[in-house]
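K.L.:
Please see the structure below; I have some questions.
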Amino acid sequence: MGLIQEIDFGTPASTSQKQVTLMVDGFTVTVPEGTSIMRASMEAGIAIPKLCATDMVDAFGSCRLCLVEIDGRNGTPSSCTTPVAPGMVVHTQTGKLKDIRRGVMELYISDHPLDCLTCAANGDCELQTQAGVVGLRDVRYGYEGDNHVFKKNDGAENFKWMAKDESNPYFTYDPSKCIVCSRCVRACEEVQGTFALTIEGRGFGSRVSPGMHQLFIDSECVSCGACVQACPTATLSEKSVIQIGQPEHSMVTTCAYCGVGCQFKAEMRGDELVRMVPYKDGKANRGHSCVKGRFAYGYSTHKDRILNPMIREKITDPWREVSWEEALTHTANEFRRIQYQYGRTSIGGITSSRCTNEETYLVQKLIRQGFRNNNVDTCARVCHSPTGYGLGQTFGTSAGTQDFDSVEHTDVVMVIGANPASAHPVFASRLKKRLRKGAKLIVLDPRRTEMVKSAHIEAEYHLPLKPGTNVAVVTSLAHVIVTEGLFDEAFIRERCDWDEFQDWASFVALPENSPEVVGKLSNVDPELIRGAARLYARGGNGSIYYGLGVTEHSQGSTTVIAIANLAMATGNIGRPGVGVNPLRGQNNVQGSCDMGSFPHELPGYRHVSGDAVRDIYESLWGVKIDDEPGLRIPNMLDAAVDGSFKGLYVQGEDILQSDPDTKHVAAGLAAMECVVVHDLFLNETANYAHVFLPGSTFLEKDGTFTNAERRINRVRKVMAPKNGLADWEVTQKLAQTMGLNWNYQHPSEIMDEIAMTTPSFAKVSYDYLEKMGSVQWPCNDKAPLGTPIVHVDGFVRGKGKFIRTEYVATDEKTGPRFPLLLTTGRILSQYNVGAQTRRTENVVWHSEDRLEIHPHDAENRGLRDGDWVRLTSRSGETTLRAEITDRVSPGVVYTTFHHPDTQANVITTDFSDWATNCPEYKVTAVQVGASNGPTEWQRDYNEQAEQSRRIAPLQAAE
Ligand code: SF4
């Protein structure tokens, strides 16, 4: 249970609105027209008692506590639902009102258990507080109202105390404490958009119910926690509060899961985290959250966490716990030995999108300054590297164009290759809210995701395209826009290169790009392509949101370019409600790319071949920087197999599980002489490591993350690192051990160096972030308040660049041996390779990866729901259980990759994006057949992994 203390009812203040002046309890107050009396009173410093009102949901007017009297009007209207009027004279504290409020509260209390002393919410209960506020001292009607009990469904006279619902792992539902204010129901509808809760029954017998008499765990509830936060009593309470007690202090920090970048108050009791409360002033989430950010933090104290550094000579040896000094000296010596023996470029490193900007900056600095090469890459290689390339080429900035608030101004949303309801849930809630208010939706996705149809939303167009045909379909949308004259000529002439537009227009107008031709190769009805194109071009503000279903293809960069072309052609750039918005997978994908993690770019996306930019770092770091790009992750692995790459520092990344073609990754890692894994757990990559450096969680360090809207959010340390050192300190110590003169005292000093050397971060500092809350880069003298929307007056590159997007079918083809196409994705409760979420109660929703297969394909193979199946590609095979569903089209199968047991990436191939090497995870030709259980590879792998995780007893280390 969490209380929403900061009240902000009614229409938000806006200077453009007509102002209204009124009197409240003798005070004059002026507010915008449409403001509620409750909010106007608050502006005057007057708090009106209330129970059913919160700032997260629309006014409801049901609790009858916030009544007021208004001169010249009859009755006692509720102040939360009554708008102000000019000259209105309002009284909030008359004797009549006080009597009514006490009477109403008396009824509430008579219907509520009197267990305040033992209640988890004691001291943090709005009912308790408001009873005091209205001066209730006595209850005349007894304490066993009908709301405590419920009639059995058989209607018998039997009454029993309502049973608690403890089915959800994170919160409990105690109906006996419910005052039926509907705040939870409204939060589920208005904030989350799931509509999982309802009020069941009538009068005193009414109660909140998930679904139709269901337990929470069996209902549609997605455990976002909005209901728990909205509950004014202890009806819905976090189990952690019941177990640990009420929090005593808090710190605002940022979620370490997805790229939405939700902010939370981490509420603590002593040094124990009690709960994460979504932060109302968090500009990305506005007080909302999902099940991961709000509840799935248990991994930080999980028993699997490794807290001591470890080394071993061979990967078949057991691990030996050592001191930090020994581990770092050993690492430094090994890296220097390898470079001496095999050459300067024989080692490299991988930064992580899970780590902070400051940590990432330090890792690339260590590699460039300490390793003296550009062999640095990031896990963004395998997700959004095509975004960087495609948007950089067309617009001039390798990032999304909008802030999340922009979605509130959109009229038509095109979602391509993304399922925000699973992967970016808080953004999905904001999007659904806009859709419920009338915006239209177009979805391009091989699967019928929740975005296509769910409670109270339905896409106008769903183009269920065949995996691998994105370029053809998006170019075909452009064909319709050009051939039907739906483009915005004025915008193009002013903002883009007209000659390039004409060249591009003549290309997209070719018959081979027509919906009729493309429809055949993509399995999409041409009329759907035509309808979607017309709607996007003519429907008002058109915005595009896309995900890994766009980028993780052999033509990922081409699709990003095609999307950018579409937005420029229709003038949908440079104002609220429009734009091109990559939904970033991990919390700091944007930041890890910004910080110079790619082998060809220094921080701020400046190519290493640029003399001027190299000069900045060479003079600061005192070393020569290569003017040639270094190795990308796949190149490092290839070089390792070839014998020229021997040492790797991997911070916060599990390439064995997350990168494609697992066998090749394993071969590359096994061929190296020193693999250093810096992480929370002995992950799959650590099975091939010689040094393990324990990492710290986001709760244990200071820093910043940059979310999908380029927003730099502070991460704040709420507890000491359990392993003794924050990750930035570990990298610094390694650098010092390698002889570098680093001396940062705090991550703020790292940010100062970033700001000093990176123009788009020039004004960013911890002090500035403290003052502003967060800022979106570019943030410099030209844009001191940051930049919510880019390309407003012109493209960053000057003129927007139209580029032809020739469709080249992937080499990954189906055929008699592999007749189906496999595509992959995420599920709401899990996060990427699951290293964190599998170590939380979230596993109750997803304990294994399953293969979605269409009923037609299942029947052809004699498969039943839940059967073990063998999934085979030319790269390898694995087994998992089947889920028969028409969410996927015939010919397409789908799985998640959250569980190492499944090894889904044993199946994916080594095909990758032509421009960036981003793997083609989304298209793999496969066969599916019946199976009796795990493959030989899975069995061998699991045995080897088990062996590899052995830690020698302490005495052996001594
Ligand atoms: Fe965290 Fe993303 Fe969920 Fe927000 S939407 S709470 S950032 S996982």
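Using our numbering, you'd call the opening residue of the sequence shown number 73 and step up by one each time. For glycine and all other residues, C-beta sits at the position ideal for the given N, C-alpha and C. Predicted model, so just to flag it, every value in this text is computed and none were measured.
Whose C-alpha, out of Pro-583, Thr-164, Ser-424 and Ser-594, is nearest the C-alpha of Asp-751?
P.N.:
In the sequence shown, counting from the first residue as 1, residue 751 sits at position 679. Comparing Cα-Cα distances from Asp-751 to each of Pro-583, Thr-164, Ser-424 and Ser-594, the minimum goes to Ser-424.
K.L.:
Given this structure, state the Cα-to-Cα distance separating Ala-228 from Gly-273, to the nearest angstrom.
P.N.:
The residue given as residue 228 occupies position 156 in the sequence shown. The residue given as residue 273 occupies position 201 in the sequence shown. A caution first: Ala-228 carries a pLDDT of 41, below 50, which makes its placement in the model unreliable, though a value can still be read off. When rounded, the distance between both Cα atoms is 15 Å.
K.L.:
Suppose only complete runs of 4+ residues qualify. What are the alpha helix (DSSP H) ranges in the stretch 772-822, listed by chain order?
P.N.:
799-809
K.L.:
Just the C-alpha distance for Arg-258 and Pro-319, rounded to the nearest angstrom, thanks.
P.N.:
For the purposes of this step, residue 258 is taken as residue 186 along the sequence shown, with counting starting at 1. For the purposes of this step, residue 319 is taken as residue 247 along the sequence shown, with counting starting at 1. Rounded to whole angstroms, Arg-258 to Pro-319 spans 26 Å at the Cα level.
K.L.:
Mapping DSSP to helix, strand and coil, what is Leu-752?
P.N.:
Translated into positions along the sequence shown, residue 752 becomes position 680. It is coil, neither helix nor strand.
K.L.:
Name the one or two DSSP bridge partners that Lys-512 has.
P.N.:
Start at 1 with the first residue of the sequence shown, and residue 512 comes out as number 440. BP columns for Lys-512 point to Val-484.
K.L.:
Helix, strand or coil for Phe-336 per DSSP?
P.N.:
To locate residue 336, count along the sequence shown from 1; it is residue 264. In this structure, Phe-336 counts as strand in the three-state DSSP scheme.
K.L.:
Using three-state DSSP, classify Val-836 as helix, strand or coil.
P.N.:
For the purposes of this step, residue 836 is taken as residue 764 along the sequence shown, with counting starting at 1. Residue state, collapsed to three classes: coil.
K.L.:
When you compare only the Cα positions, how much space is there between Lys-232 and Lys-168?
P.N.:
The sequence position of residue 232 within the sequence shown is 160, counting from 1. The sequence position of residue 168 within the sequence shown is 96, counting from 1. Only weak support exists for where Lys-232 lies, its pLDDT of 43 falling under 50; the coordinates are left without a value.
K.L.:
For Tyr-1013, which three-state DSSP category applies?
P.N.:
For the purposes of this step, residue 1013 is taken as residue 941 along the sequence shown, with counting starting at 1. Helix at Tyr-1013.
K.L.:
Looking at the unbroken alpha helix (DSSP H) that takes in Ser-730, where does it start and where does it end?
P.N.:
The sequence position of residue 730 within the sequence shown is 658, counting from 1. 727-730 is the extent of the alpha helix (DSSP H) around Ser-730.
K.L.:
Considering Glu-385, what are the terminal residues of the alpha helix (DSSP H) in which it resides?
P.N.:
Your numbering for residue 385 matches position 313 in the sequence shown. Element bounds for Glu-385: n/a, residue is neither H nor E.
K.L.:
Grouping DSSP H, G and I as helix and E and B as strand, with all else coil, what is Val-661?
P.N.:
What you label residue 661 is simply residue 589 of the sequence shown in a count that begins at 1. If DSSP states are grouped into helix, strand and coil, Val-661 belongs with the helices.
K.L.:
Given a threshold of 16 other Cβ atoms within 10 Å of its Cβ, counted over all protein chains shown, does Ala-531 qualify as buried or as exposed?
P.N.:
Here residue 531 is taken as the residue at index 459 of the sequence shown, counted from 1. Per the 10 Å Cβ criterion, buried.
K.L.:
To the nearest angstrom, report how far apart Trp-396 and Ala-855 are at their CA atoms.
P.N.:
The residue you call residue 396 lines up with position 324 of the sequence shown. The residue you call residue 855 lines up with position 783 of the sequence shown. Roughly 43 Å separates the two Cα atoms.
K.L.:
From the DSSP output, read off the bridge partner residues of Cys-427.
P.N.:
Along the sequence shown, one-based indexing puts residue 427 at 355. Cys-427 pairs with nothing; no bridge assigned.
K.L.:
CA-CA distance, Ala-577 and Thr-473?
P.N.:
Within the sequence shown, the letter at position 505 stands for residue 577. Within the sequence shown, the letter at position 401 stands for residue 473. Near 23 Å, if we compare the C-alpha coordinates of Thr-473 and Ala-577.
K.L.:
May I have the straight-line CA-CA distance separating Gly-724 from Leu-765, to the nearest angstrom?
P.N.:
Numbered from its first residue, the sequence shown carries residue 724 at position 652. Numbered from its first residue, the sequence shown carries residue 765 at position 693. If you take the alpha carbons of Gly-724 and Leu-765, they lie about 10 Å apart.
K.L.:
Please confirm if Pro-991 has its CB atom under 9 Å from at least one CB of chain C.
P.N.:
This model lacks chain C altogether; it includes just one protein chain.
K.L.:
Flag Tyr-213 as yes when its Cβ comes closer than 8 Å to any non-hydrogen atom of ligand 1, and as no otherwise.
P.N.:
On the sequence shown, residue 213 is found 141 positions in, with the first residue counted as 1. No, the beta carbon of Tyr-213 sits no closer than 8 Å to any heavy atom of ligand 1.
K.L.:
Could you check whether the stretch 945-965 touches the stretch 996-1005, counting it as contact only if at least three pairs of C-beta atoms, one from each stretch, sit closer than 8 Å?
P.N.:
yes
K.L.:
Should Val-498 be listed as close to ligand 1, given that the test is whether its C-beta is under 8 Å from any heavy atom?
P.N.:
Along the sequence shown, one-based indexing puts residue 498 at 426. At least one heavy atom of ligand 1 is nearer than 8 Å to the Cβ of Val-498, so yes.
K.L.:
Leaving out five residues before and five after Val-332 in sequence, what residues of the same chain have Cβ atoms less than 7 Å from its Cβ?
P.N.:
Translated into the one-based positions of the sequence shown, residue 332 becomes position 260. If the five residues before and after Val-332 are omitted, its C-beta is found closer than 7 Å to the C-beta atoms of Ala-356, Asn-357, His-496, Val-498, Phe-499, Asn-779 and Ala-780, all from its own chain and listed in chain order.
K.L.:
Which value, in whole angstroms, describes the spacing of the CA atoms of Phe-222 and His-285?
P.N.:
If you number the sequence shown from 1, residue 222 lands on position 150. If you number the sequence shown from 1, residue 285 lands on position 213. Here the model assigns Phe-222 a pLDDT of 43, short of 50, so the residue's position is not dependable and the matter cannot be decided.
K.L.:
Which one or two residues does DSSP pair with Thr-100 in a beta bridge?
P.N.:
One-based indexing of the sequence shown puts residue 100 at position 28. For Thr-100, which the question treats as bridged, DSSP gives the partners Met-95.
K.L.:
Which parts of the stretch 510-582 are runs of the alpha helix (DSSP H), unbroken and 4 residues or longer, counting only runs that do not cross its ends?
P.N.:
542-555, 561-567 and 570-580
K.L.:
How many angstroms separate the CA atom of His-551 from the CA atom of Pro-536?
P.N.:
Mapped onto the sequence shown, residue 551 falls at position 479. Mapped onto the sequence shown, residue 536 falls at position 464. Near 19 Å, if we compare the C-alpha coordinates of Pro-536 and His-551.
K.L.:
Whose CA, out of Lys-364, Gly-643 and Tyr-213, lies closest to the CA of Glu-566?
P.N.:
The sequence position of residue 566 within the sequence shown is 494, counting from 1. Taking only the C-alpha atoms, the option nearest Glu-566 is Gly-643.
K.L.:
Does Cys-746 come out as helix, strand or coil in the three-state DSSP assignment?
P.N.:
Here the question's residue 746 lines up with position 674 in the sequence shown. It is a strand residue.
K.L.:
Nearest to Gly-651 by CA position, among Asp-483, Arg-519, Val-205 and Ala-1017, is which residue?
P.N.:
Taking the sequence shown and counting its residues from 1, one reaches residue 651 at position 579. Of Asp-483, Arg-519, Val-205 and Ala-1017, the residue nearest in Cα terms is Asp-483.
K.L.:
Once you ignore the five residues that flank Asp-921 on each side, which residues in its own chain have a CB closer than 7 Å to its CB?
P.N.:
As a first step, residue 921 must be located in the sequence shown, where it is residue number 849. Here the set comprises Leu-952, Thr-967, Thr-968, Phe-969, His-970, His-971, Thr-974 and Ala-976.
K.L.:
How do the stretch 462-469 and the stretch 588-604 stand: do at least 3 beta-carbon pairs fall below 8 Å, yes or no?
P.N.:
no
K.L.:
Mind checking who Arg-274 pairs with in its DSSP beta bridge?
P.N.:
In the sequence shown, residue 274 corresponds to position 202, counting from 1. Bridge partners of Arg-274: none, in fact.
K.L.:
Output the distance between the C-alpha atoms of Phe-361 and Gln-441, rounded to the nearest integer angstrom.
P.N.:
Residue mapping note: residue 361 aligns to position 289 of the sequence shown, counting from 1. Residue mapping note: residue 441 aligns to position 369 of the sequence shown, counting from 1. Note on residue identity: the sequence assigns Ser, not Phe, to residue 361. Near 40 Å, if we compare the C-alpha coordinates of Gln-441 and Ser-361.
K.L.:
Buried or exposed for Pro-962, going by 16 or more other Cβ atoms inside 10 Å?
P.N.:
By 1-based counting over the sequence shown, the position of residue 962 is 890. By the neighbour-count rule (16 or more Cβ atoms within 10 Å), Pro-962 is not buried but exposed.
K.L.:
In the DSSP assignment, find the unbroken alpha helix (DSSP H) run with Gln-413 in it and report its ends.
P.N.:
Numbered from its first residue, the sequence shown carries residue 413 at position 341. Element bounds for Gln-413: 396-414.
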